[in-house]
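A.B. asks: Start counting the sequence shown at 510; every next residue gets the next number (this note's numbering).
All C-beta atoms, glycine included, are put in the ideal place defined by N, C-alpha and C.
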Amino acid sequence: MQESLYKRMFKLVIQHWPYLLLSTLASLIYVVLNSASIWLTASLINNILMDFQQLVADHSQLTGENSLTLNEKLKFWTDGFILRGTPQETLKVLCLIIMVVFLTKNIFLYMKNYFMTVVQFHLITEMRNRLYKHFNALSLSYFDQKKSGELTSIIINDVANLRRALGTSFHQLLVEPINLLAFIILLFIISWKLALLSIVILPVAGLTILSIGRSIRRKSKRTAAMIAGITNIITETLSSIRVVKAFAMEGYEVQRFFKETHHYFQLILRRAKLRLLASPITETLGVMIGVLLLWVGGVEVLSGEGLTPEDFLRFILLLFAMMDPLRKLSKVNVSLQAGAASAERIFSILDTEPNIVDKTDSVKINSFEKQIMFNNVSFKYEFNDTVLKDISFEIEKGSVVALVGSSGAGKSTLADLIPRFYDVDKGGITIDGHDIRDLSLNSLRRLMGIVTQETMLFNDTVRANIAYGQIDVNDEQVIPAAKAANALEFINELSEGFDTVIGEKGVKLSGGQRQRLAIARAIMKNPPILILDEATSALDTESERLVHKALETLMVDRTVLVIAHRLSTVTNADKIILLDKGEIKEMGTHNELMEKKGLYSNLYNIQFN
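(1) Give the range of the alpha helix (DSSP H) segment to which glycine 658 is assigned.
(2) Can you tell which of His643, Ser871 and Asn885 has the C-alpha that lies nearest to the C-alpha of serine 952?
(3) How would you call glutamine 654, buried or exposed, if buried means at least 16 neighbouring beta carbons within 10 angstroms?
(4) Please state whether the Cβ-Cβ distance between glutamate 762 and glycine 738 is less than 8 angstroms.
(5) Answer yes or no: do arginine 1025 and alanine 990 have a C-beta to C-beta separation smaller than 8 angstroms?
(6) Does the separation of the CB atoms of leucine 1108 and leucine 1087 fall below 8 angstroms?
(7) Just to confirm my understanding: we take asparagine 1111, look at its own chain, exclude 5 residues before and 5 after, and list those with CB closer than 7 angstroms. What are they?
(8) Contact check, alanine 918 vs lysine 1090 under 8 angstroms by CB: the rounded distance?
(9) If contact is defined by three or more beta carbon pairs under 8 angstroms, each pair taking one atom from either stretch, is the segment 1014-1025 in contact with the segment 939-959?
(10) I need the DSSP call for threonine 524, collapsed to helix, strand or coil.
(11) Can you grab the Cα-Cα spacing for the pair glutamine 986 / leucine 859, in whole Å?
(12) For my contact list, leucine 695 and leucine 827 are in at a C-beta cut-off of 8 angstroms; report their separation, rounded to the angstrom.
(13) How far does the alpha helix (DSSP H) with lysine 1105 in it reach, from first residue to last?
(14) So, alanine 911 versus leucine 966, is the Cβ gap smaller than 8 angstroms?
(15) Below 8 angstroms, how does it come out for the segment 522-540 and the segment 620-638: are there three or more Cβ pairs, yes or no?
(16) Taking its Cβ as the centre, do 16 or more other Cβ atoms sit within 10 Å of leucine 703, making it buried, or is it exposed?
(17) Rank Phe883, Ser901 and Ile693 by C-alpha distance to the C-alpha of proline 928 and give the top, closest one.
(18) Below 8 angstroms on the Cβ atoms is my contact criterion, and I expect tyrosine 528 with valine 628 to pass it. Report the Cβ-Cβ distance as a whole number of Å.
(19) So, for glycine 914: in the same chain, excluding its five sequence neighbours on each side, which residues have a beta-carbon less than 7 angstroms away from its beta-carbon?
(20) Among Asn615, Glu862 and Arg673, which has the Cα closest to the Cα of phenylalanine 630?
(21) Within its chain, find whatever has a CB closer than 7 angstroms to the CB of threonine 661; leave out the 5 residues flanking it on each side and keep chain order.
(22) Report, in whole angstroms, the separation of the C-beta atoms of proline 834 and leucine 689, which I expect to be a contact under 8 angstroms.
(23) By the 10 Å Cβ neighbour count, where 16 or more other Cβ atoms means buried, how is alanine 757 classified, buried or exposed?
(24) How would you label tyrosine 539, buried or exposed, when you count the other beta carbons within 10 angstroms and need 16 or more for buried?
(25) Based on the DSSP secondary-structure assignment, which residues constitute the bridge partners of leucine 897?
(26) Starting from the Cα of leucine 822, find the closest Cα among Leu549, Arg517, Lys516 and Ala993 and give me that residue.
(27) Compute the distance between the beta-carbons of valine 886 and valine 933, then report whether it is under 8 angstroms.
(28) Do you know whose CA, among Val971, Ile988, Ala994 and Ile980, lies nearest leucine 1003's CA?
(29) Look at leucine 671 and alanine 852 and say whether their C-beta atoms are less than 8 angstroms apart.
(30) What is the residue span of the alpha helix (DSSP H) that lysine 601 lies within?
(31) DSSP three-state label for histidine 943, please.
(32) Can you tell me which of the three DSSP states alanine 911 falls into?
(33) Measuring straight from C-alpha to C-alpha, what distance separates lysine 656 and phenylalanine 877?
(34) Does tyrosine 515 come out as helix, strand or coil in the three-state DSSP assignment?
(35) What is the DSSP secondary structure of glutamine 880, counted as helix, strand or coil?
(36) Assign valine 872 to one of three DSSP states: helix, strand, or coil.
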C-alpha cells in the first residue's frame, strides 16, 4: 500500500465532513455543558453544607476585591448568578439551572451521537458497495485462488469492524481529548500543584494502552482470518449438503466446524483478556492518583492553608469526572487496532487490480461477420503447467465446431479464452480480424451466449432467470425461448408457472430442468455466437433430442462452439477438434476422423461399444 493505513482510514471518514462538523460542534457544546454541570453540582453541595450567611459574606468580600484569581472570578460569577435573598430561593434557582444544563447537555449528546451514527452507516454501506463492485470487476483468476467464504466474511464482518473502529475512534479521539482538556484546565484553575500530580496518570496509562493495542491488532488479524475460515466451512457445507449426506459425513463436518469454532473461541478470549485489561488498568492508576490527591488536598483543607473546602470539593468531582474520558480513550486504541486489522484485509482486495481490463483505446464490436481464429495460442493457469500448447484453428461464421477429448484435455479452458475470462499467454485470438484484447469486454461478451457445464441459476423466478441480462422483456419474448429449449412444458406444470421462484442455484428443479432453463437463457439473448459447454449433459434422451432440434434451428446464421464428452451429440458438426493434454491431435469432420482410425475413431468405438 502506497499510503499509510491510518491515512487511508482517515480519508474514509473525512469524506463525510458535513456530518462530522455537526457532530463536532454538538460535542464541543456538550463538553462545555458537561464541565458546567460538574461545577454547578459542586456549588449545589457547597450551598447545602455551608452556612448561607457565610456564602453571602464570602461573595460580598469578593465584590470588594480588585484583583481576583481566575478561580475566584469563576466562583464570583457563579454565586452572582445563583444567589438569592433566602437559602430556599437560592437552592431553587440552582436546582433549576442544573436541570436545564443537564437537559441541554443530553440533547447535544444525542445530536453528536446521531450525526456520528449517520457517518458510520454511510461508511458501512459505501465500503460494502465498493467491495461488491470491485468483486464484479475482478478477473476470474482472482476467484480461482480465493475462497467464497473468506470474501463473504470480509464484506460482512471486516466492514462492520472497520465501521465500529472508524466511527467510534474518530469521534472519541476528537471529543474525549477536548473533554479531558476542559477538566484539566479547570483543575489547574483550582490548584496547579494538585493538577500537576493528577496528570501523571496520562503518560503511564498511555504507554500501557499502546502496548495492549499492538498485541490486540495482531490477534485481530488472526481473528478475522479465522472467522473467514468458519464462514467458508458454512458456505461449502451448505452448498454441498447433498454430497455430505450421501457420504454420511455429517459427523465429520460437525467436528470440523467445532474444531474451528474452538480455535476461534480461544483466540477471541485471549483478545478479550487484553481488551478488558485496558479500562481497569487506567481506572486503577486513576484511583491511586486520586487517593494521593485526597490526602494532599485534604491536609491543606484541614490545616486551613491553600484550598478551601469548596475548591477541594470541585477538584475531587472534576478529578473523578476525568475517569470517564480516560476510560473511553483507553478503549479507542483497542478498537482502532481491531479496525486496522480489518482495514488491511479490505484494502488488500481494493488494491487488487483485475487482470482482464479494457485498453484505453478499446474498440466496440457490434456484430460478428466472418470468423474466429486461434493463432498459436498457449495458456496456463497460475502455478500450473501449460494447459494449452500452440493451438491454431478457425471457426467460420455459421459453422458448428466441436471440441472433444478426455477430461483435463483443455476443452473448457479453450472456450473460456474466447470471451476473455482469461488472457492467452502466447499467440492470439481474433474475431473478424480484431485481436480480442483490443475489443471492449462488454461488446465482446454481448456477442456470445454461454451455457456452462455447471448450471448456475439465481434464487428468482423462472421468468427472471430466462430473461437475465435483458431489459424490458415481456412474456411474448420469454415463452418462445422456453419453448425452443424444451422447457415450456415443465414450466407450465410448476405451481406458479413463470412466476415460480426456483430457489438457490435452482434447487427446486431437476438437473435436466435447470439445464434447459440455462439453454433458454442463452437463446433469449439471441447472440451470434453460442458456446455450449456440455450443454445437454443433464438431459434425458428425449429432452436431448428436442433441444438438439431446437438448436439446429438456432444455428442457422449463427456460430456454435460445442464441448462434448458424448460424441453422438457432435457427429453432424462442421469441424471436430480432438484435444489431448492441451494439444490438437486430430481435426476434421466425423467421417474424415473415422476414416483416419486414430484417437477420435478409437474414442468413438469405445463409447458405442
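C.D. replies: Reading off the structure:
(1) As a working note, residue 658 is residue 149 in the sequence shown. Glycine 658 -> alpha helix (DSSP H) spans 657-662.
(2) Taking the first residue of the sequence shown as position 1, residue 952 is located at position 443. Nearest C-alpha to serine 952: Ser871.
(3) Along the sequence shown, one-based indexing puts residue 654 at 145. Burial call: exposed.
(4) The count along the sequence shown starts at 1 and reaches residue 762 at position 253. The count along the sequence shown starts at 1 and reaches residue 738 at position 229. For glutamate 762 and glycine 738, no; Cβs fall outside 8 angstroms.
(5) In the sequence shown, counting from the first residue as 1, residue 1025 sits at position 516. In the sequence shown, counting from the first residue as 1, residue 990 sits at position 481. Contact flag unset, no.
(6) The residue given as residue 1108 occupies position 599 in the sequence shown. The residue given as residue 1087 occupies position 578 in the sequence shown. In this structure, leucine 1087 lies closer than 8 angstroms to leucine 1108 by Cβ.
(7) Indexing the sequence shown from 1 puts residue 1111 at position 602. Around asparagine 1111: no qualifying Cβ.
(8) Numbered from its first residue, the sequence shown carries residue 918 at position 409. Numbered from its first residue, the sequence shown carries residue 1090 at position 581. Indeed, because the Cβ distance is near 7 angstroms, the residues count as touching under 8 angstroms.
(9) no
(10) Your numbering for residue 524 matches position 15 in the sequence shown. Per the sequence shown, residue 524 should be read as glutamine rather than threonine. Coil, per DSSP.
(11) Working through the sequence shown from its first residue, we reach residue 986 at position 477. Working through the sequence shown from its first residue, we reach residue 859 at position 350. When rounded, the distance between both Cα atoms is 39 angstroms.
(12) The sequence position of residue 695 within the sequence shown is 186, counting from 1. The sequence position of residue 827 within the sequence shown is 318, counting from 1. That belief holds up - the Cβ atoms of leucine 695 and leucine 827 are roughly 5 angstroms apart, short of 8 angstroms.
(13) Within the sequence shown, residue 1105 is the residue found at index 596, counting from 1. If you look at lysine 1105, you'll find it in the alpha helix (DSSP H) that goes 1099-1105.
(14) Locating residue 911 in the sequence shown gives position 402, where the first residue counts as 1. Locating residue 966 in the sequence shown gives position 457, where the first residue counts as 1. Not a contact, by the Cβ cut-off of 8 angstroms.
(15) yes
(16) To locate residue 703, count along the sequence shown from 1; it is residue 194. Answer is buried; the Cβ neighbour count reaches 16.
(17) One-based indexing of the sequence shown puts residue 928 at position 419. It is Phe883 whose Cα lies nearest to the Cα of proline 928.
(18) Within the sequence shown, residue 528 is the residue found at index 19, counting from 1. Within the sequence shown, residue 628 is the residue found at index 119, counting from 1. Indeed they touch by this definition, with Cβ atoms about 5 angstroms apart.
(19) Position 405 of the sequence shown, counted from the start, is the residue given in the question as residue 914. So the list reads Lys920, Leu1087, Leu1088 and Asp1089, once near-sequence residues are dropped.
(20) Your numbering for residue 630 matches position 121 in the sequence shown. The candidate whose alpha carbon is nearest that of phenylalanine 630 is Arg673.
(21) Position 152 of the sequence shown, counted from the first residue, corresponds to residue 661. The residues are Thr740 and Thr744.
(22) Locating residue 834 in the sequence shown gives position 325, where the first residue counts as 1. Locating residue 689 in the sequence shown gives position 180, where the first residue counts as 1. Indeed they touch by this definition, with Cβ atoms about 5 angstroms apart.
(23) If you number the sequence shown from 1, residue 757 lands on position 248. Counting Cβ neighbours within 10 Å, alanine 757 comes out exposed, since fewer than 16 surround it.
(24) Working through the sequence shown from its first residue, we reach residue 539 at position 30. Counting Cβ neighbours within 10 Å, tyrosine 539 comes out buried, since at least 16 surround it.
(25) Taking the first residue of the sequence shown as 1, we reach residue 897 at position 388. According to DSSP, leucine 897 bridges with Phe888.
(26) Mapped onto the sequence shown, residue 822 falls at position 313. The shortest Cα separation from leucine 822 among Leu549, Arg517, Lys516 and Ala993 belongs to Leu549.
(27) Translated into positions along the sequence shown, residue 886 becomes position 377. Translated into positions along the sequence shown, residue 933 becomes position 424. Yes.
(28) Within the sequence shown, the letter at position 494 stands for residue 1003. Minimum Cα distance to leucine 1003 is reached at Val971.
(29) Mapped onto the sequence shown, residue 671 falls at position 162. Mapped onto the sequence shown, residue 852 falls at position 343. Yes, the Cβ-Cβ distance between leucine 671 and alanine 852 is below 8 angstroms.
(30) Start at 1 with the first residue of the sequence shown, and residue 601 comes out as number 92. Run containing lysine 601: 596-646, per the alpha helix (DSSP H) assignment.
(31) Position 434 of the sequence shown holds residue 943. Strand at histidine 943.
(32) For the purposes of this step, residue 911 is taken as residue 402 along the sequence shown, with counting starting at 1. If DSSP states are grouped into helix, strand and coil, alanine 911 belongs with the strands.
(33) The residue labelled residue 656 in the question sits at position 147 within the sequence shown. The residue labelled residue 877 in the question sits at position 368 within the sequence shown. Rounded to whole angstroms, lysine 656 to phenylalanine 877 spans 37 angstroms at the Cα level.
(34) Against the sequence shown, residue 515 aligns to sequence position 6. Residue state, collapsed to three classes: helix.
(35) Here the question's residue 880 lines up with position 371 in the sequence shown. Of the three classes helix, strand and coil, the one that applies to glutamine 880 here is strand, per DSSP.
(36) Walking along the sequence shown from the start, residue 872 turns up at place 363. In the structure shown, valine 872 sits in a strand (DSSP, three-state: E or B).
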